[in-house]
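Encoded as structure tokens, the structure appears first; notes follow it.
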Amino acid sequence: MITKKRLLQLLLLIIIVAASITLLVEQKRPSAARTNVLPHAQGAQLIDSSGNPFLLRGAQIENPLAYMNPWKNIKNVQNDFTRKLNSNVFQEMSQNWHMNAVRLPLSNWVFTKYQKQFLSLLDPAIQQANQAGLYVILDLHDYRQGGSPYGSGANAPKPESVTFWKAIAAHYLNNPMVMFDAYNEAHYTSANQWLNGGGIQTGSTGKTAQVIGMQALVNTIRATGTKQIIIIGGVHVADTLRIKDPNIMYTAHTYHKVAAGNPTDWDKEWGSFKGHYPLFYGEWALLPNSTVSRRCQTATMQNANQKVTAFLNYMGQNQISWTAWQFDVPYLLQNRTTFTPTRLNRRDWMIPIILGNATLLMQSPGWVQ
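Counting from 5, one number per residue, gives the positions in the sequence shown under the numbering used here.
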């Protein structure tokens with residue numbers, strides 16, 4: 005016969021066990037609600053998980069996830085991807101180049117067609133990059149080379165962009181070292197269209213699509229429950245309009261303006277965003293031997309180092325994050341074995357396009373915060 009005292013003891017034991025199980029489950033469950041530990045925007049700064057201001061300093065790496073044509077041979081895709089993105093590369097970026105970020109262009113068209121293989125490559129790459137101390141910026145590259153059925157010319161977000169971000173944002177929901185670059189170099193006709201969308205775009209193939217605004221992309225990403233930083237471009241057309249979200253970093257890309265070397269032009273590029281929001285040059289380079297003449301402008305072998313230094317100083321003084329284009333041969337690297345940086349004091353037809361003197365980037369006082 006169970007006494008009243010014994011019954012109370014059993015009930016107390018059951019309560020303790022139940023509470024312990026609940027606590028254990030909560031500790032093991034990945035939770036999107038832990039927003040206090042995520043990097044976030046605060047005024048014009050990025051704040052890390054420890055509450056300290058930080059800047060992104062890194063580079064882009066082109067890879068097969070942004071191009072459709074290589075997928076005709078998936079084995080070659082796997083080999084090329086792991087050759088460019090692996091733990092050795094990420095450790096080199098972090099330890100010797102003092103970087104803390106890598107930007108990865110991704111094609112939504114490749115993702116849609118080869119989703120399983122796509123994620124089987126991207127997931128371990130992100131894990132390796134994070135282990136090396138790198139934030140990973142996932143950038144939607146929607147263009148002809150990525151397999152777009154629109155061809156060229158339809159350069160604004162589309163309904164398919166929304167579909168892509170629903171999947172990708174949900175997949176990386178709980179990774180605090182991932183950021184989302186909503187759309188690479190979007191073309192809009194007005195500030196209102198940039199924010200709210202509207203209208204129809206037609207690609208070179210004749211295929212048409214609705215124009216999706218940046219606010220809709222942000223809303224799509226947030227609807228998955230993500231709290232990570234979202235990167236938004238198009239500041240040149242946005243005028244006084246702003247994305248309604250507290251965790252936005254605005255981005256621009258620049259090539260020929262680095263060569264021009266005019267800080268006034270650099271300020272104009274950001275307009276009224278400067279000083280009020282985190283800013284990010286997602287792509288920048290000095291290309292003195294570029295086949296695109298506009299990118300060369302006044303750049304020469306003799307003045308290139310000075311121009312790179314001036315731009316680095318501008319970004320450092322104005323607390324602007326950046327990822328250079330790009331961490332590969334023959335741009336920042338002469339090879340992938342020793343990762344020897346390129347230089348501008350040589351004329352070598354084997355290195356037709358060079359991003360400044362890469363050693364300058366490694367030694368720049370504005371590199372490490």
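Beta carbons are placed, not taken as given, at the ideal position from N, Cα and C, and that holds for glycine.
{"Check": "Can you tell me the Cα-Cα spacing of F184 and L290, whole angstroms?", "Outcome": "25 Å"}
{"Check": "Just to confirm the assignment: which complete beta strand (DSSP E) runs, minimum length 3, are found wholly within the segment 109–156?", "Outcome": "139–144"}
{"Check": "So the candidates are W113, Q121, V106 and G150; which of them puts its Cα closest to the Cα of I130?", "Outcome": "V106"}
{"Check": "Would you check if the segment 92–106 and the segment 50–66 touch, i.e. whether three or more CB-CB distances between them fall below 8 Å?", "Outcome": "yes"}
{"Check": "Check whether the segment 200–207 touches the segment 249–268, taking contact to mean three or more Cβ pairs, one atom from each stretch, closer than 8 Å.", "Outcome": "no"}
{"Check": "Please tell me whether T224 and W274 are closer than 7 Å, where the distance is taken between their beta carbons.", "Outcome": "no"}
{"Check": "What span of residues does the beta strand (DSSP E) with A63 cover, start to end?", "Outcome": "R61 to Q64"}
{"Check": "Counting only the same chain and skipping the five closest in sequence on each side, list residues whose C-beta sits under 6 Å from that of N73.", "Outcome": "none"}
{"Check": "Quick one: grab the DSSP three-state call for F85.", "Outcome": "helix"}
{"Check": "Looking at the secondary structure, which residues open and close the beta strand (DSSP E) in which W288 lies?", "Outcome": "L283 to W288"}
{"Check": "What is the residue span of the beta strand (DSSP E) that W326 lies within?", "Outcome": "S325 to W329"}
{"Check": "I'd like to know whether the C-beta atoms of Y281 and W326 end up nearer to each other than 7 Å.", "Outcome": "no"}
{"Check": "Since N200 contacts L144 with CB under 8 Å, what's their CB separation in whole angstroms?", "Outcome": "With a Cβ gap of about 19 Å, N200 and L144 do not count as contacting."}
{"Check": "Let me check understanding here. Comparing Cα to Cα, which of L316, Y147 and W113 lies closest to W288?", "Outcome": "L316"}
{"Check": "Go through the segment 198–284 residue by residue and report every complete run of the beta strand (DSSP E) that reaches 3 residues or more, in order.", "Outcome": "204–206, 212–214, 234–236 and 252–258"}
{"Check": "Along the alpha helix (DSSP H) that carries F94, what are the first and last residues, could you check?", "Outcome": "S91 to Q95"}
{"Check": "Would you tell me roughly how many angstroms separate the C-alpha atoms of D84 and F277, rounded to the nearest one?", "Outcome": "39 Å"}
{"Check": "Who are the near neighbours of Q219 in its chain, counting only those whose CB is closer than 7 Å to its CB and skipping five residues on each side?", "Outcome": "L199, N200, I247 and K248"}
{"Check": "By the DSSP assignment, the alpha helix (DSSP H) with H191 in it spans what residues?", "Outcome": "From DSSP, H191 is part of no alpha helix (DSSP H); its letter is neither H nor E."}
{"Check": "Cα-Cα, which of V222, L177, T167 and A133 is closest to A186?", "Outcome": "V222"}
{"Check": "What's the C-alpha gap between S156 and Q149?", "Outcome": "9 Å"}
{"Check": "Spatial neighbours of A36 within its chain, please: CB distance less than 8 Å, with the 5 preceding and 5 following residues excluded, ordered by chain position.", "Outcome": "Annotation note: pLDDT 36 at A36 (below 50); position unreliable, no value reported."}
{"Check": "So for R107, helix, strand or coil by DSSP?", "Outcome": "strand"}
{"Check": "If we count the other Cβ atoms within 10 Å of its Cβ and call it buried at 16 or more, is R3 buried or exposed?", "Outcome": "This structure cannot speak to residue 3, because the chain is shown only from 5 to 373."}
{"Check": "From which residue to which residue does the beta strand (DSSP E) around A45 run?", "Outcome": "H44 to Q46"}
{"Check": "DSSP has Q49 in a bridge; who is on the other side?", "Outcome": "Q46"}
{"Check": "Which one of Q121, P267, S111 and Q197 has the shortest CA to CA distance from N80?", "Outcome": "Q121"}
{"Check": "Assuming L69 and S111 are in contact, meaning their beta carbons sit under 8 Å apart, how far apart are those beta carbons, in whole angstroms?", "Outcome": "6 Å"}
{"Check": "H191 to G265, Cα distance in whole Å?", "Outcome": "25 Å"}
{"Check": "What does a CB cutoff of less than 6 Å around I25 pick up in its chain, not counting 5 residues either side in sequence?", "Outcome": "Per-residue confidence for I25 stands at a pLDDT of 32, beneath the threshold of 50, marking its modelled position as unreliable; the derived number appears in the next sentence. Hits under 6 Å: none found."}
{"Check": "Please classify D146 as buried or exposed, where buried requires at least 16 neighbouring CB atoms within 10 angstroms.", "Outcome": "buried"}
{"Check": "Beta-carbon separation of L42 and P180 under 7 Å?", "Outcome": "yes"}
{"Check": "So what's V182 in DSSP terms, helix, strand or just coil?", "Outcome": "strand"}
{"Check": "Would you mind working out which of P153, A303 and D127 sits nearest K117, comparing C-alpha positions?", "Outcome": "P153"}
{"Check": "Once the 5 residues before and after Q31 are set aside, which same chain residues still bring their CB inside 8 Å of it?", "Outcome": "The pLDDT assigned to Q31 is 30, lower than 50, so where the model puts this residue is not dependable; a value taken from the coordinates is nonetheless given after this. Taken in chain order, the list of residues that qualify is empty."}
{"Check": "Do A136 and S98 have their beta-carbon atoms positioned less than 7 Å apart in this structure?", "Outcome": "yes"}
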